[in-house]
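Undergrad: I'd like to ask you about the structure that follows.
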Amino acid sequence: MPIRTEPVTVNIGPQHPSTHGVLRLRVTFDGEVIVDVEPIFGYLHRGSEKLAEERNYVQVLTLTDRLDYVASMTNNQAYCLAVEKLMGVEVPLRGQYLRVLAAELQRVASHLVAVGFLLQDLGALATPLMYCFRFREKILDLFEMLCGARITVSYMRPGGVFADAPPDFWPALDVLLAEASELVAELEQLLMQNEIVLIRTKNVGVLPLETAIAHSVSGPVLKASGLAWDWRKMDPYDVYDRVRFDVPVGDRGDNYDRLRVRIEEVKQSLGIVSQCVEQIEPGPARAELPFVLRPPAGAEAYGRVEAPKGELGFYLVSDGSIAPYRCKIRSPSLINLTVLRELLIGWKLADMIVTLGSIDINMGEVDR
Amino acid sequence: MYGFGLAKGLMVTLKNFINPPFTTQYPEERLPQHPRFRGEEFAWYEERCTGCASCAKYCPLGIIKIVTSPSETAILEGDKYNIDVFDIDIGRCMFCGLCVEACPYDALFMGSGFERGRYQREELVIGVDELREAVKRPSSWFRPQLEEAQYDPHTGEPLAWEEVGREQWPWHQGEKAGARIDWRPRRGGGEPPEDGA
Amino acid sequence: MTRAFQGQELAGFLRQGFPDAVTGWAGDCLWIDAPRLLDVARFLKDEPSLAFNFLSSVSAVDYIDHFELVYHLTSMTHNHSAVLKTRVYTRDDPSVPSVVAVWPGADFQEREVWDLMGVAFEGHPNLKRIMLWDGFPGHPHRKDFEDVVSY
Amino acid sequence: MGPFLRDNVVFREVYCWLGGSESNAGLCGGADGLLPAGFEWAAYFAAGFAIILILVNGALLGAAAFVWAERRLLARFQSRRGPNRWGPWGVLQPIADLLKLLIKEDIIPHAADRVAFTLVPIIMLMALLLSLAVLPFAKSAYLVNLNIGVLYIVAVSSITTIAIFMAGWSSANKYAMFGAMRGVAMLISYEIPLVLSLVGVVLIAGSMSLVSVVEAQTIPFIIVQPLGALIFMLGISAELNRTPFDILEAESEIIAGYHTEYSGIKFALIQAAEMAGVLAASGFLATLFLGGWSGPFLSGQLGALWFLAKLGFFVFLFIWIRATFPRLRIDQIMAFAWKFLLPLALINIAVTAVQVYFFGFYQAEVPGEITRGELLIMAAINIPLALVSIAAFGRVTREKIRVPAPRFEGLAPIPRTAEVD
């Protein structure tokens, strides 16, 4: 006599400890197994793109900090690249080095948040999260030294960075680089051989490569599925063609590979930062641009950057006035979520939380 | 084998259990802050401010309210205006510092503290009198002259308007913030613009 | 370096298969006639020498007299990129064929264009508002949108 | 007066002091107590109340102390300082928490089944306090010396399963329902290895009463019964839903699981029951496997200190594990119970039975008497056996890393346009 069961629809609602922001998932369960998932967005929609149309080009920069509020440096970099393409401006070498240095430090900080909260979703009560945040705290102190703010940095300006790094920034950076490898090793020792982490993440939420490419997935999620596609390598911007780094690749595309790819990327980013410190020479940190920028009318540009979450792009259209006519933001978190249904259907509630955590979304960027 | 990974994890937590804690106890101990920190209480020098409201115009949120009245002395020589109202609503401010960047006369500086919390929203508006009497410890954000002077707002002495210095930004010569003048060559060459419109 | 396809070069590829589809090119973008968008997209993806298998972004721009949809494509096999554009000239319920069949990644982006700009996509599996609630009057990103909801 | 109350120190003192008279001279030695002759029943009531006062307050204050210890230790594991504002080193923090919870509004959801909803905290606390009755805190300081102590503990500790399911069902909340269903599945399937792991101890000690188990432990049983100790530890941490088995109240998945809807004093009681549960479990572990109050020297007078030291060791172990390990998934927990713990428990019983028969009865002068030397031999056999069997069965469970889940073609996806809420 088969037991009569009926699917129950649960709102893993906008207010839930592990949806990484205000994401609402309307999930239909058959027991613990997921039958259907429908993500619902818009709870953090601030209309950034419409706001951008009534601000001048430097004021829009303060908007970009608040897109992916965990990686605001890379948002600035993407926007500044788009404006520089629009204006045809050449950024001085030192400015490019400072940008790459800040962006890579921000990538480390963002991946630490991703790894820390993934372990929090797995159930390790905040201990790995604290170790990750302790390491991130050191990076945020460097940002405060660099540009006066820790999270909403608005450090970069079209044409370079707003000002050169203060003299006592470089010794502090060397101190961080010295102890960084030991902090990463400690994190790896705590996580990567832990049998419970292995059994919870291996072979869970497998994303085949073709599905990933078809669903325009980018960033560590795509790399974990087996393709070494990184915009810093494929279409180098700033000084990424002068620094040596390799792109970590996973083989199965499951949660464990995504976790491992992120930790590998942290190591590579630290390598890039130390190379930047060696190669940087004195010089102007910012191109001579007028205070209020006026790109030529009818010009348009698509600046893209390998943000920690994936390919972050700004499509700017100018009509000759001091404000962009249209500023479209290609947000990696929103597009990485298109693959959520393929990843979740057929798995259990506990796997859903871990897979959502391993995709590493940021609602500020999804809802803009 | 089954247990080794778990045991290694336990060793990591034990090591951290023994090491001293990383956190500081906030009110008693304080973290060292960098002079460039964009603090809350603005440092505003009335002697330098001409009431041109470039800061109010350049603020992305438009939260600076300036009301000026023509000063009685020497109006024709373009004497400076009296500033009657200079409100900065730090309840809505995001401390991006664009107003400090836009000020052509280095009259407005970011503050260096972050403890100006109040219970009522109205009290979050910094009025002109509070700006006048405030102890002026300007942050060195977007003010390279303070940085070259190694001035640290958290430990240093308050600065009067003469000692705070002024930076000759390239764009401040030929162009008032917001006005539309074609882009000047490097500040070394070229004479000041004729019309200055 | 990612090689950006010039509009003219891309038009050359399309001339044999779709003589009437191309309506113009300028710099590195190519304008395509709206109804033919789906089969041009399928051709661009399946053609081995082009192989545009990664759709970077779908954007819509409101130029008052017409809407312009911009598709940034990338090929992950040959590392080259292209920009595809279509124009819709009506302002009351404009619609364009959906490319979700070719690039499933366009699902949420097309829903967002529908939600904020008002350009409908025929053939989209679940065309619903993505950012705003279903009862929201109007489409905010249009230039002639006046703010009726907020006080 | 029942026999078990007579040899309870506290009871006898209070009873004789109040109701001492010539009628119960045998017990109180003839000195007449405060109350006049006819009021023995009042003295009996007062003495009983004194014991309850001590036990219940001991348990609840112990829970408060454990809350404080857990928050401080967890903080130190995470390289931060725990609560240190209320009182020196934050000692008054649990009191502050309790006061806050007392003041908080005690909400009962509209659609909740009110009776079952309010009963849950009472049942959970009752189950815990019942199990403390048999725990020997020091040489003769126990409420009662039941001769079936071990069976009694396991029987009483399974009441919480009903309470958890009542909480999940009655609070009319989907997350609570998830928590309750998981709870029932896990708790019941961990009862079996829990009980079987104690059979070894009982076989060696020859009796189920905890007091005699402590006396029989010339060598701490954790060395003689390594498998039994491991299984009991894992089983009891599943009973108390401590990490890595805390899927009952998995914060990240189902918010607070079965006690999502509880607030105010009900929530305080459930937390107290849970925290005191850990103390009780550490107490049982200390008594059954580390020799309770019998320390290397002065165990007569300092018995209570030895017991507290061993209890503290196990409490530290529980907190340490909670600070480090993530959570297992429901099907992995079940596989762990049935395919890993159960076979180990059976092996442990078989081996112990053979050893006890060979040493205890085969050619021993006094049947059932196992000397210290023989215990050492048993230990020498059991420890390598434990390592081998853990390795063997560990591989069995590791093989079960999930192959990607079967697609659900059968179930047609719910049409997405239906706007449910």
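Protein chains in written order, with my numbering: chain R, 5 to 372; chain X, 47 to 243; chain U, 1114 to 1264; chain S, 18 to 438.
A virtual CB, placed ideally from N, CA and C, is assigned to each residue, including glycine.
So, at 6 Å on beta carbons, what are the nonlocal neighbours of N1192(U) in its own chain, with the 5 sequence-adjacent residues on each side left out?
TA: T1115
Undergrad: Nearest chain R C-beta to L154(X) closer than 7 Å, yes or no?
TA: Not closer than 7 Å to any Cβ of chain R, the Cβ of L154(X) fails to qualify, so no.
Undergrad: Check distances from the C-beta atoms of the segment 191-219 of chain S to those of chain R and list, in chain order, the residues that come in under 9 Å.
TA: K191, Y192, M194, F195, M198, R199
Undergrad: Straight-line CA distance for L22(S) to M134(R)?
TA: 51 Å
Undergrad: Count the other CB atoms within 10 Å of the CB of Q372(S); is the residue buried (16 or more) or exposed (fewer)?
TA: By the neighbour-count rule (16 or more Cβ atoms within 10 Å), Q372(S) is buried.
Undergrad: Given a cut-off of 7 Å, decide if K111(X) and D133(X) are closer than it, judged by their beta-carbon atoms.
TA: yes
Undergrad: Does chain R have any CB closer than 7 Å to the CB of H200(X)?
TA: Under the Cβ criterion of 7 Å, H200(X) is not counted among the residues facing chain R.
Undergrad: Could you pull the start and end residues of the beta strand (DSSP E) that A305(R) belongs to?
TA: Annotation: the continuous beta strand (DSSP E) that includes A305(R) extends over 304-311.
Undergrad: Contact criterion: CB-CB distance below 7 Å. Does F154(S) meet it with respect to chain X?
TA: Residue contact check for F154(S) against chain X: no CB pair falls below 7 Å.
Undergrad: Strictly under 7 Å for the Cβ-Cβ distance: is G1251(U) near chain R by that measure?
TA: So, not an interface residue.
Undergrad: Return the CA-CA distance between P140(R) and I276(R), expressed in angstroms with no decimal places.
TA: The sequence given here places Arg at residue 140(R); Pro does not occur at that position. Taking the straight line from one Cα to the other gives about 17 Å.
Undergrad: With H, G and I counted as helix, E and B as strand and the rest as coil, what does DSSP make of E221(X)?
TA: The pLDDT assigned to E221(X) is 45, lower than 50, so where the model puts this residue is not dependable; a value taken from the coordinates is nonetheless given after this. In the structure shown, E221(X) sits in coil (DSSP, three-state: anything other than H, G, I, E or B).
Undergrad: For W233(R), go through chain U and note every residue whose CB falls closer than 7 Å to its CB, in chain order.
TA: Result: M1189.
Undergrad: In whole angstroms, what is the alpha-carbon distance linking G55(X) and G75(S)?
TA: Their Cα atoms are separated by approximately 34 Å.
Undergrad: When the Cα atoms are used, what is the spatial distance from L348(R) to I394(S)?
TA: 54 Å
Undergrad: Buried or exposed for G1251(U), going by 16 or more other Cβ atoms inside 10 Å?
TA: With fewer than 16 other Cβ atoms within 10 Å, it is exposed.
Undergrad: Excluding the 5 residues flanking G37(S) on each side, which residues of the same chain have their C-beta closer than 7 Å to its C-beta?
TA: C45, A48, D49, G50
Undergrad: So the beta strand (DSSP E) S1194(U) belongs to, where does it begin and stop?
TA: S1194(U) -> beta strand (DSSP E) spans 1193-1201.
Undergrad: Using a 10 Å radius around the Cβ and a threshold of 16 neighbouring Cβ atoms, would you call M5(R) buried or exposed?
TA: exposed
Undergrad: Pull up the DSSP beta-bridge partners for M1230(U), would you.
TA: Residue pairing by DSSP leaves M1230(U) without any beta bridge partner.
Undergrad: Helix, strand or coil, according to DSSP, for H276(S) in the structure here?
TA: helix
Undergrad: I'd like to confirm the pairing. Which residues does DSSP put opposite F1131(U) in its beta bridges?
TA: DSSP output for F1131(U) lists no bridge partner at all.
Undergrad: Would you verify that the beta carbon of F83(X) is, or is not, closer than 7 Å to some beta carbon of chain R?
TA: yes
Undergrad: Mind pulling the chain R residues with CB within less than 8 Å of F1207(U)?
TA: As written in the sequence, residue 1207(U) is Pro, which differs from the Phe given in the question. Under the 8 Å cutoff, chain R gives no residues; its nearest Cβ is about 16 Å from P1207(U).
Undergrad: Measure the Cβ-Cβ separation of N104(S) and V231(S) and say whether it is below 7 Å.
TA: Note that residue 104(S) is Gly in the sequence shown, not Asn. V231(S) sits away from G104(S), with the two beta carbons spaced by 7 Å or more.
Undergrad: Strictly under 7 Å for the Cβ-Cβ distance: is P67(X) near chain S by that measure?
TA: It does; some Cβ of chain S falls within 7 Å.
Undergrad: Spell out whether any CB of chain X is found under 7 Å from the CB atom of T341(S).
TA: yes
Undergrad: Could you work out which residues of chain R lie near Q1067(U), taking near to mean beta carbons separated by less than 9 Å?
TA: Because chain U is modelled from 1114 through 1264, residue 1067(U) falls outside the range shown and cannot be assessed.
Undergrad: Quick one, which residues of the segment 155-168 of chain R are near chain X if we go by CB-CB under 8 Å, in chain order?
TA: T156, S158, F166, A167
Undergrad: Of all the options A99(X), G202(X), Y91(X), which has the alpha carbon lying nearest to the alpha carbon of A148(X)?
TA: A99(X)
Undergrad: If you count every other CB in all the chains shown that lies within 10 Å of the CB of T434(S), and 16 or more means buried, which is it?
TA: In this prediction, T434(S) scores a pLDDT of 38, lower than 50, which makes its location untrustworthy; no coordinate-derived value is stated.
Undergrad: What does the alpha-carbon distance come out to for the pair R178(X) and E203(X)?
TA: 17 Å
Undergrad: Against chain R, with Cβ distances strictly below 7 Å, would E270(S) count as a contact?
TA: yes
Undergrad: Does the count of Cβ pairs from the segment 69-83 of chain X and the segment 200-217 of chain R closer than 8 Å reach three?
TA: Segments in contact, no.
Undergrad: Are the segment 50-59 of chain R and the segment 245-253 of chain R in contact at 8 Å, needing three or more beta carbon pairs?
TA: no
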